[in-house]
Amino acid sequence: MENTRQITTIQAAAILVSTIIGVGVLPLPLFAVRAGDAGAPLVTFLGMLVGFIGLMLISLLGMRFPKQSFVQYSEAIIGKWLAAIGTLLLIAFFAILTSLAAREFGEVVVTSVLKNTPLEVTVIVMLLLAAVSTRNNLVTFSYIHLFYFPFLLGPALLIVALSLKNADVINLQPVWGNDQTHMLPGILTIAALFQGSFVMTIVIPGMCDPKKSMKASFIAMLIAGGMYVAIVIAAVGVFGSEEIKNLLWPTLELAKATSLPANILERLDAAFLAVWVTAVFTTLFSSYYLTIRFISNLFRLKDHNMFSFFLLPFVFIMAVIPQNILQMYEIIADVGRIGLFITVGYPAFLFIISLIRGKRGDRDGTQQTNPAS
Amino acid sequence: MRNGSGKSKSRVVTKASSPVLDAALDIPLTGTVEDTISTVLSILKEDGDFIVRRFHLFGQYNAVLFFYSTTADLATVNNHILKPLMHLPAHLEGRINELQQLRDIVFDDVLYHCGVKQENKLSELIACILRGDTAMVIDGVEESFSISTSNVEKRAIDQPATEQVIRGPREGFIELLEKNIALIRYRLPTPELRIHSMEIGRRSRSKVSVCYMDGVTNAELVNEVKRRLSQIDIDAVLDSGYLEQFIEDNHMTPFPQVQYTERPDKVVANLLEGRVAILVNGSPLALIVPTVFSQFYQTVEDYTERFLLMSAIRLARLVALVFSLVFPALYVSIISFNPELIPTEFAVAVAGGRAGVPFPAVVEVLIIEISMEVLREATIRLPQQVGGALSIVGVLVVGQAAVAAGFASPITVVIIALTTIGSFATPAYNAALALRLLRFPLIIIAGIFGLYGVVIGLILIVNHLLSLKSFGVPYLSPLVPGGFRGMKDLIIRSPLGLMKERPASLHTQDKVRVDADTSAEEQPKNVLDPSEFDPAKEGQ
């Protein structure tokens, strides 16, 4: 590759959006309603803000060290051994995140579409799909995300738009919810759904203009967060908060409740789920790619392809460990909240240390480009 | 000399794949007619059409002509070579003092054929004879003359059979390279058109021409095309398809990364976009590189007819393209996994149609699909006189009988028929073939996993497409690296005035192709507007 810096701002934003929007959308209204009743949209919005703080930290770090990968500059900031521990934690966390996403979607497919298929088969199919696709370079990675970007927004917006005719504003009031005491854990759970944005750390070194990474993050957060809020509003508006507490995947129920005008398709849920495979795929793809990229960075290898199948059995075994859906969602909630320490806390820690120690990676770069421009 | 060449021939025959010419490579010509005749005969043997014609140059010097009577134009040999050479024109009498002068006089004053070259190697003499030209050797003159007399029968230039248009030029390439280049040159009378010639194929020695526009095409691209071509070491190049398989980037993909066409106007249009065309002697199909996927559903007509209509037709073509890939798979997955998706009345009708069919939907679709492929292949092989009749019998009668016999449901036959017609709507045969092939794994995975499987299969195909490159150009550009300028010509065809620039992905040297900034006085005038027309001017 003669020129590896060719990811544009739009591509970076598309990567972020398609990574963030994934299987988490299906139970999202449930998480939000548990935390804030009618205030669910507000909870989602606050969760989005927390997620955005994490993404902002990553972008700031990336702009400070535009030429190095996350693993490299974390070593420069806090030293080799501490950084190795942090990287190992990240690798483990994203491997777990990959396996949980695959498991969650496997459960959805087995429960609602392929009722006779064993869970293991759907999980391994999704993981294989992600593993095969990771054997590409970063440019192809960004192409893949850009291509699927419209397939994510289209169906979700369609569902939201079609369901609004059944919605009732009264379900959304009061906007701040009835009880604010247990809002905080809910905000964190929803913020955890934005953790995929950590993929920005591997995107920034490949961007044509790393200075625009903040712009890309902002656009992406606006689209993904706006979409999350819209889905929560639609679900709460249609079902009401008490009803949603009885539904496992309110977004899927929303798809069931809506129908296309003129009855072209009698039901939308199976079609929605089919299109949603692409959204889940992009999320899995990103977290899987992130994991193997970090592994290869940790061992200072140029090629990451060898890890894509090496990792597969581990991820698969982790995916089948939870005994049932309920236990799986408990684990997802716990892992998500713990993960915030890794994906928001760790970059924040790195950023503060780098400020204190005055470490920068863009110094010589700016000195070279300034006289030229 | 004769013994020497014979020995070396038997020595090299196991090593090189063109031993005879290789052996004669460095042997100089001697300048004696009898020696040369025996050497040439030892190489070319006594073939029935090989003519060795001895004659007396200007009535006194021994000379000989070598040619194949089958490939040389005998009228040219008679009238333009033998006739002037046998009689010394009156004004040249007395000017020949020594033998070497003879060569210059023959070359400068006597032969009025423009394609004359002087050779001094035996191998070149042989190569010239094999090309269909005529070789002349004069006693005492060391150089031989090669006179281009090659004349191979060719078919007339007619309508391109595979790429017909309603509106647009009617000419198609033929097999002869020279004619094909002429068809390109008269459309592009510009000094920037470059035609670089090379020879590929150890035995076939096929002439290959690389055409590009100087100052438009990216110079690196031209070098890379030449480099890839020059690395080909093959026995014979019988068609441009042989070259395609050597220069493409990925050999293991069903998707073509090189476009072929038999339309000179299409080649010219692509040259002007900054692409490189490769023509081979003996093939009526030119190759165009680099190629992106969107080219496979664009036709010449898209640009000759007005943009609004052709945009609509291009959309229809795109629908056909997508349908030919996924339609049967969608049908299988909906019928066997999610019948609740389709409206109830229709679902009942489908179930009624399928009532007597003993197989699951996937098996039924596969059987009909495979028989359709067999039928299609048979229709191509059949003689034209019976082909049409038999395909009607095959499709109508067998299809109807299969339904009546309870072998297939009527809906299945409809689906397969639509799919097949859809795959014919794709202008590029090789791209349609790729989609046709990929339909089968999709049907099978739809039979196993339903809609979920179809999407998994499509994701695999799309990811593969996204990782493909043709000479470094991403295969799905301009859609995927996100070139908004290029998208004007992607799904719809914008007005020509709006497509001001050549495709950005080709990194051309000259970027602008349309200058649509018309100034005020160049605006169209309503000269015949009734309100402004001056009746006094009537009749002037």
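So the sequence lines, in the order shown, correspond to chains A and B. Counting from -13, one number per residue, gives the positions in the first sequence under the numbering used here. Counting from 14, one number per residue, gives the positions in the second sequence under the numbering used here. Where is the CB? At the ideal position from N, CA and C, for every residue including glycine.
Restricting to Cα atoms, I'd like to know which of the options is closest to residue i.
i, options, result
"residue 186(B)", "231(B), 214(B), 281(B), 404(B)", "281(B)"
"residue 163(A)", "140(A), -3(A), 52(A), 219(A)", "219(A)"
"residue 118(A)", "59(A), 235(A), 298(A)", "298(A)"
"residue 17(A)", "233(A), 328(A), 270(A)", "233(A)"
"residue 90(A)", "161(A), 266(A), 132(A)", "266(A)"
"residue 336(B)", "437(B), 100(B), 219(B)", "437(B)"
"residue 194(B)", "339(B), 505(B), 291(B), 536(B)", "291(B)"
"residue 142(A)", "3(A), 294(A), 68(A)", "3(A)"
"residue 82(A)", "341(A), 327(A), 318(A)", "318(A)"
"residue 53(A)", "179(A), 196(A), 144(A)", "196(A)"
"residue 357(B)", "249(A), 7(A), 321(A)", "249(A)"
"residue 355(B)", "254(A), 291(A), 134(A)", "254(A)"
"residue 56(B)", "112(B), 201(B), 138(B)", "138(B)"
"residue 326(A)", "310(A), 214(A), 342(A), 176(A)", "176(A)"
"residue 404(B)", "384(B), 417(B), 207(B), 360(B)", "384(B)"
So which residues of chain A does residue i contact, with C-beta pairs closer than 7 angstroms?
i, result
"residue 465(B)", "95, 99, 100, 260, 263"
"residue 479(B)", "126, 129, 130, 133"
"residue 356(B)", "249, 252"
"residue 462(B)", "100"
Residue i versus chain A: which residues are under 9 angstroms apart at the beta carbon?
i, result
"residue 487(B)", "125, 126, 129"
"residue 350(B)", "99, 100, 256"
List, in order along the chain, the chain B residues whose C-beta lies closer than 7 angstroms to that of residue i?
i, result
"residue -6(A)", "495"
"residue 185(A)", "Going along chain B, no residue has its Cβ under 7 angstroms from residue 185(A), so there is no contact; the nearest lies around 17 angstroms."
"residue 111(A)", "469"
"residue 199(A)", "Here the premise fails: no neighbours, minimum Cβ distance about 17 angstroms."
"residue -3(A)", "495"
"residue 295(A)", "Residues of chain B passing the Cβ test: none, with the nearest at roughly 16 angstroms."
"residue 361(A)", "Here chain A comprises residues numbered -13 to 359, so residue 361(A) is not present and cannot be evaluated."
"residue 119(A)", "476"
In chain B, which residues lie with their C-beta within 9 angstroms of the C-beta of residue i?
i, result
"residue 4(A)", "None at all; the shortest Cβ gap to chain B is about 12 angstroms."
"residue 115(A)", "469, 472, 473, 476"
"residue 122(A)", "476, 479, 480"
Roughly how many angstroms separate the alpha carbons of residue i and residue j, rounded to a whole number?
i, j, result
"residue 76(A)", "residue 92(A)", "24 angstroms"
"residue 483(B)", "residue 278(A)", "28 angstroms"
"residue 223(B)", "residue 78(A)", "54 angstroms"
"residue 120(A)", "residue 390(B)", "38 angstroms"
"residue 344(A)", "residue 230(B)", "49 angstroms"
"residue 97(A)", "residue 238(A)", "11 angstroms"
"residue 85(A)", "residue 106(A)", "12 angstroms"
"residue 360(A)", "residue 243(B)", "Past the boundaries of the shown model lies residue 360(A); chain A is included only from -13 to 359, so the question cannot be answered."
"residue 60(A)", "residue 338(A)", "12 angstroms"
"residue 289(A)", "residue 57(A)", "15 angstroms"
"residue 497(B)", "residue 309(B)", "20 angstroms"
"residue 480(B)", "residue 122(A)", "7 angstroms"
"residue 351(B)", "residue 460(B)", "12 angstroms"
"residue 249(B)", "residue 258(B)", "13 angstroms"
"residue 55(A)", "residue 256(B)", "42 angstroms"
"residue 447(B)", "residue 287(A)", "36 angstroms"
"residue 270(A)", "residue 500(B)", "29 angstroms"
"residue -7(A)", "residue 492(B)", "14 angstroms"
"residue 141(B)", "residue 147(B)", "7 angstroms"
"residue 41(A)", "residue 316(A)", "25 angstroms"
Give me the DSSP bridge partner(s) of residue i.
i, result
"residue 67(B)", "77(B)"
"residue 224(B)", "208(B), 290(B)"
"residue 175(B)", "Beta-bridge pairing links residue 175(B) to no other residue."
"residue 487(B)", "482(B)"
"residue 41(B)", "134(B)"
"residue 307(B)", "None; residue 307(B) has no bridge partner."
"residue 514(B)", "525(B)"
"residue 301(B)", "272(B), 290(B)"
Mind pulling the chain A residues with CB within less than 8 angstroms of residue i?
i, result
"residue 353(B)", "252, 253, 256"
Check the Cβ of residue i against every Cβ in chain B and list those closer than 8 angstroms, keeping chain order.
i, result
"residue 272(A)", "Ordered by position in chain B, no residue passes the 8 angstroms Cβ test against residue 272(A), which lies about 13 angstroms from the chain."
Could you confirm whether any beta carbon from chain C is found closer than 8 angstroms to the beta carbon of residue i?
i, result
"residue 317(B)", "Included in the structure are the protein chains A and B, with no chain C among them."
message = Which complete beta strand (DSSP E) runs does the region 214 to 289 of chain A hold, if anything under 3 residues is left out?
response = none
ask   = Of all the alpha helix (DSSP H) runs that stay within the bounds of the region 182 to 209 of chain A, which reach a length of 4 or more residues?
value = 186 to 189
query = Of all the alpha helix (DSSP H) runs that stay within the bounds of the region 379 to 435 of chain B, which reach a length of 4 or more residues?
reply = 397 to 405, 412 to 417
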